[in-house]
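Using our numbering, the first residue of the sequence shown is number 905, and each one after it goes up by one.
Don't be surprised by glycine CBs; every beta carbon is placed ideally from N, CA and C.
No experiment lies behind these values; they were computed from the predicted model shown.
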Amino acid sequence: MQSKMKNNKIIDNDVTDEDNNLLKSQWYILQTQSGYEKVVQQDLLKIANSGIGISNLIHEVICPTEKHIKIKADGTKKEIEKKIYIGYIFIKMIMTNQSWFIVRNIPKVTGFLGSIKKEKGSKPIPLTESEINPILLKMGIISKPNYDHLINKRVQIINGSFVGQVGRVSLVDYEKDKMMVEIELFGRATPIEISFSSFKEIN
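Take a look at the structure:
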């Protein structure tokens, strides 16, 4: 497999224009042997911090944990961390043929979760914002967005059945990560519900 450098990034020669949508940093689920999640995470972070090879294609690697209180035999309490997803870690990376091959062949990695079947093989399916954001929020990597300032403001819908439509925000629901937008449909204002990742602000 041949590669070339472009704008300080490794680009595979055999990546076609059809694959250009994959050439951006996205989150993927990586399957590991149970009990080796942290080991794989550290191996990937070493690659990311090495400054060589595919280091600039790996941006974040997380192994989600949560804290629990364990009561010992003598009655004392001890705070411990437990993995939330046994056998899985999450990696944010630019998916090229080279990075895909190297990451999935790291010791104790069993492969990526989910794939898109193509003529040249299967490529992993990236997570959507609505799938990865709750995990990042729980770990404190990102903070809860605040869209209160958009009430009664106009936004443009960027995906879904009403892509391209412009409407006015009437309600923001943080529990559902959605907002209510009123668009003009058949000559009348019609409220529709969209996710936080389905709009862009209009200045």
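Distance between residue j and residue i (C-alpha atoms, nearest Å)
| i | j | result |
| --- | --- | --- |
| Gln945 | Tyr932 | 13 angstroms |
| Gly979 | His972 | 15 angstroms |
| Glu1079 | Arg1008 | 35 angstroms |
| Leu961 | Gln930 | 10 angstroms |
| Gly1064 | Gln937 | 37 angstroms |
| Glu985 | Gly1071 | 45 angstroms |
| Ile975 | Lys987 | 18 angstroms |
| Thr1094 | Phe1066 | 12 angstroms |
| Ser1101 | Lys1042 | 18 angstroms |
| Glu1097 | Asp1081 | 10 angstroms |
| Ile951 | Gly957 | 8 angstroms |
| Tyr940 | Gly1015 | 13 angstroms |
| Met1084 | Ile1029 | 29 angstroms |
| Ile1006 | Arg1092 | 54 angstroms |
| Ile1055 | Ser954 | 46 angstroms |
| Glu1023 | Ile1010 | Low confidence applies here, because Glu1023 scores a pLDDT of 49, under 50, leaving its location unreliable and the question unanswered by this model. |
| Tyr1051 | Ala977 | 48 angstroms |
| Gln1002 | Lys928 | 14 angstroms |
| Phe1103 | Ser1034 | 13 angstroms |
| Ile1106 | His1053 | 12 angstroms |
Whole-number beta carbon distance between residue j and residue i, since they are thought to touch under 8 angstroms
| i | j | result |
| --- | --- | --- |
| Phe994 | Ile1036 | 7 angstroms |
| Lys1027 | Trp1004 | 7 angstroms |
| Leu934 | Tyr992 | 7 angstroms |
| Glu1088 | Ser1074 | Their Cβ separation, rounded to whole angstroms, is 14 angstroms, which puts Glu1088 and Ser1074 out of contact at 8 angstroms. |
| Val943 | Lys1012 | 6 angstroms |
Residue i, DSSP secondary structure in three states
| i | result |
| --- | --- |
| Asp1077 | strand |
| Lys1057 | coil |
| Ala952 | helix |
| Ser1140 | Past the edges of the chain, shown from 905 to 1107, lies residue 1140, and the structure says nothing about it. |
| Lys986 | strand |
| Leu1017 | coil |
| Asn925 | Model confidence at Asn925 stands at a pLDDT of 48, short of 50, so the residue's coordinates are unreliable; what they give is reported in the following sentence. DSSP places Asn925 in helix when its eight states are reduced to three. |
| Ser938 | coil |
| Ile993 | strand |
| Ser1026 | strand |
| Ile1039 | helix |
| Leu1089 | strand |
| Asn917 | Its pLDDT being 44, under 50, Asn917 is placed unreliably in this model, and the value from its coordinates should be taken loosely. Of the three classes helix, strand and coil, the one that applies to Asn917 here is coil, per DSSP. |
Residue i classed as buried or exposed, judged by whether at least 16 other C-beta atoms fall within 10 angstroms
| i | result |
| --- | --- |
| Pro1038 | exposed |
| Ser1047 | exposed |
| Leu948 | buried |
| Thr1000 | buried |
| Asn1090 | The amino acid at residue 1090 is misidentified as Asn; the sequence shows Phe. By the 10 Å Cβ count, Phe1090 comes out exposed. |
Segment contact flag, the segment 950 to 965 with the segment 1051 to 1062, C-beta cutoff 8 angstroms, min 3 pairs: The segment 950 to 965 is not in contact with the segment 1051 to 1062.
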